[in-house]
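Before any comments, here is the structure.
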Amino acid sequence: MTPLHGDELPLLLTPVPGPESRAWVDRLAQRECPAITSRRARRASALGVSDTDPVVWKQARGAVVEDMDGNRFVDLTAGFGVAGIGHRNPAVVKALQAQSDVLLHAMGDAFPDPRRIELLEKLGALTGLDHGILGSSGSDAVEAALKTAKMASGRDGVLCFSGGYHGLSYGALGVIGYKRSAFQAPFAGQLGDHVVQAEFGGEIPDLSQIGAVIVEPIQGRGGIRVPAAGWHQMLRKACDDAGAILIFDEIYSAFGRTGRRFAGEHFGVTPDLLCIGKSLAGGFPISACMGTRAVMESWGASKGEALHTQTFLGNPLGCAMALAALEEMDRLDLPKLARAFEAKLRAALPDVHIQGKGAMLGLRLPETLRLSRGLLEQGFLVLPAGETAEVLALTPPMTISDAQLDAFLAALKSLL
Ligand SMILES: Cc1ncc(COP(=O)(O)O)c(C=O)c1O
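In this note's numbering, the protein residues as written are 2 to 417.
Following this line, the structure appears as structure tokens:
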């Protein structure tokens, strides 16, 4: 296998997907719950493309992914926003290797290790929020935030917003707005009746019964949507007036992606609780809910049995990788790279309506499903986003090269 450097241009050796990918996906279909990996083969002709099966990833580096057939793709998704500093960033890999020589696993709430302590210190300094609860997935961070808000406010009610996506574990599922009826319907009877939904960017309802308000400051999966100026401040004030806890879910938008370290900075608003995950460790599943001292102290001190924990809480590999990733983000100056990406896209596509900020952009184009498949067949990974797939979402590794971006723009223009 030829190692990748990360700045390669697309290389297509077979049709997409190729025979190796097809064989692996067939095996997957024999063993995985059918609800997970989308094949949608029957829709291929409707989309005007040859196939809709996925390609199976073999290796990745920087902005490049290689599949089982040796086809190379430029990844404008950063793997769901995870590889902000590039896939398999060398500094992160080095930290993983070094940590693996020492300690793979500690014991969550029972016996901590130094990397977990260092990571909490670092996240506290970066966010200005003193205390944190670590988790594995983004939805873990959301669960921790919802529970903390209940502890701090004493109220059960939660306000969420249309188009918001916070994960699919039960607490998070209850507060999503994105394709709500599709995701929630089978489980509606188990989700409780404590959640109120309002229009994202719209009027803020009465919060007197609400303990937690959860919002993505810039929506990701819901279509890369940015509310009008002043809305976040209004929300902050409404929470303060009503004694509700404001949760910013920045699992997608944090760490430079929008052109600031945190998206909330664009609006001059600090939340009480901040959820982060995805790109935090450059590819290891680790997340955090950070909060103010006052809000976190509402849990009270552990009486020997942690009220909230998990087996892999603060996993040493993930913490070591996150520490290295955070250093890399600073070294690379991700916000600056993200802003340069946005400037280049806007200049290259003057006739396309582009929403979002930095390296979190949504292009309003027709037939984004067909377009994303067409781009895949030209060696570019992109995903549609939004309730009706109304935008083509671009959330690349911010290390994507100019040549890769130029090639992408040429491919996109050829399909428009
Ligand atoms: C804003 C936001 N919150 C939460 C999540 C859920 O994270 P995970 O899939 O790691 O549970 C996502 C995932 O896309 C997200 O974009």
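Where is the CB? At the ideal position from N, CA and C, for every residue including glycine.
Please report how far the alpha carbon of residue i lies from the alpha carbon of residue j, in whole angstroms.
i: Thr-400; j: Gln-100; result: 25 Å
i: Gly-175; j: Glu-144; result: 10 Å
i: Gly-63; j: Ala-92; result: 12 Å
i: Arg-43; j: Leu-121; result: With a pLDDT of 48 at Arg-43, under the threshold of 50, the predicted position of this residue should be treated as unreliable, though the coordinate-derived value follows. Spanning the two alpha carbons is a distance of roughly 48 Å.
i: Asp-407; j: Gly-80; result: 20 Å
i: Ala-412; j: Val-75; result: 11 Å
i: Leu-376; j: Asp-68; result: 15 Å
i: Lys-345; j: Gly-7; result: 20 Å
i: Arg-226; j: Gly-164; result: 9 Å
i: Lys-123; j: Leu-281; result: 12 Å
i: Asp-110; j: Gly-125; result: 19 Å
i: Pro-398; j: Leu-208; result: 38 Å
i: Lys-148; j: Cys-276; result: 13 Å
i: Phe-409; j: Gly-212; result: 45 Å
i: Arg-365; j: Glu-200; result: 20 Å
i: Val-65; j: Met-322; result: 20 Å
i: Gly-278; j: Ala-142; result: 8 Å
i: Leu-12; j: Pro-55; result: 17 Å
i: Leu-372; j: Leu-416; result: 7 Å
i: Gly-155; j: His-354; result: 43 Å
i: Lys-304; j: Ala-189; result: 35 Å
i: Ile-177; j: Ala-245; result: 18 Å
i: Ala-96; j: Leu-335; result: 20 Å
i: Val-383; j: Ala-326; result: 24 Å
i: Asp-352; j: Ala-230; result: 24 Å
i: His-233; j: Val-197; result: 18 Å
i: Val-26; j: Gly-380; result: 19 Å
i: Ala-153; j: Gly-223; result: 28 Å
i: Gly-301; j: Arg-374; result: 51 Å
i: Ala-243; j: Ala-61; result: 48 Å
i: Cys-240; j: Phe-162; result: 15 Å
i: Leu-192; j: Gln-210; result: 18 Å
i: Lys-59; j: Leu-5; result: 11 Å
i: Gly-357; j: Gln-220; result: 9 Å
i: Asp-157; j: His-195; result: 6 Å
i: Phe-268; j: Lys-238; result: 13 Å
i: Glu-266; j: Phe-184; result: 31 Å
i: Ala-150; j: Ala-349; result: 44 Å
i: Tyr-179; j: Asp-102; result: 42 Å
i: Thr-78; j: Glu-33; result: 24 Å
i: His-106; j: Lys-414; result: 48 Å
i: Gln-420; j: Pro-367; result: Residue 420 is absent from the structure shown; the chain starts at 2 and stops at 417.
Is the separation between the beta-carbon of residue i and that of residue j shorter than 8 Å?
i: Arg-347; j: Gly-260; result: no
i: Ile-205; j: Leu-247; result: no
i: Val-159; j: Ile-215; result: yes
i: Met-361; j: Ser-254; result: yes
i: Ala-30; j: Arg-40; result: yes
i: Asp-70; j: Thr-15; result: yes
i: Glu-298; j: Asp-250; result: no
i: Thr-128; j: Met-291; result: yes
i: Ser-138; j: Gly-172; result: no
i: Asn-72; j: Gly-283; result: no
i: Asp-369; j: Pro-385; result: For the record, residue 369 in the displayed sequence is Thr; it is not Asp. Closer than 8 Å, so yes.
i: Glu-343; j: Gly-359; result: yes
i: Gly-202; j: Pro-228; result: yes
i: Leu-10; j: Ala-404; result: yes
i: Leu-324; j: Glu-119; result: yes
i: Ala-186; j: Leu-274; result: no
i: Leu-393; j: Thr-293; result: no
i: Ser-170; j: Ser-140; result: yes
When DSSP builds the beta bridges, which residues end up paired with residue i?
i: Glu-67; result: Gln-60 and Arg-73
i: Arg-365; result: His-354 and Val-392
i: His-88; result: Gly-63
i: Gln-220; result: Arg-226
i: Gly-213; result: The sequence as given places Ala at residue 213; Gly does not occur at that position. DSSP lists Val-159 and Ile-246 as partners of Ala-213.
i: Ala-289; result: Leu-135 and Ile-277
i: Pro-385; result: Leu-393
i: Val-197; result: Leu-160
i: Phe-112; result: Met-108
i: Leu-333; result: DSSP lists no partner for Leu-333.
### Task
Specify whether the segment 307-314 and the segment 127-143 touch according to this definition: at least 3 beta carbon pairs, one from each stretch, less than 8 Å apart.
yes
### Task
Would you check if there are 3 or more beta carbon pairs closer than 8 Å linking the segment 108-126 to the segment 253-272?
Between the segment 108-126 and the segment 253-272, the count of Cβ pairs shorter than 8 Å is below three; the stretches do not touch.
### Query
Quick one: any contact between the segment 381-392 and the segment 14-25, if contact means 3 or more CB pairs under 8 Å?
no
### Query
Is it true that the segment 320-337 meets the segment 81-90, where meeting means three or more beta-carbon pairs spaced less than 8 Å apart?
Contact between the segment 320-337 and the segment 81-90 is present, with at least three C-beta pairs closer than 8 Å.
### Task
Say whether the segment 285-303 touches the segment 313-327, bearing in mind that this needs 3 or more beta-carbon pairs closer than 8 Å, one atom from each stretch.
yes
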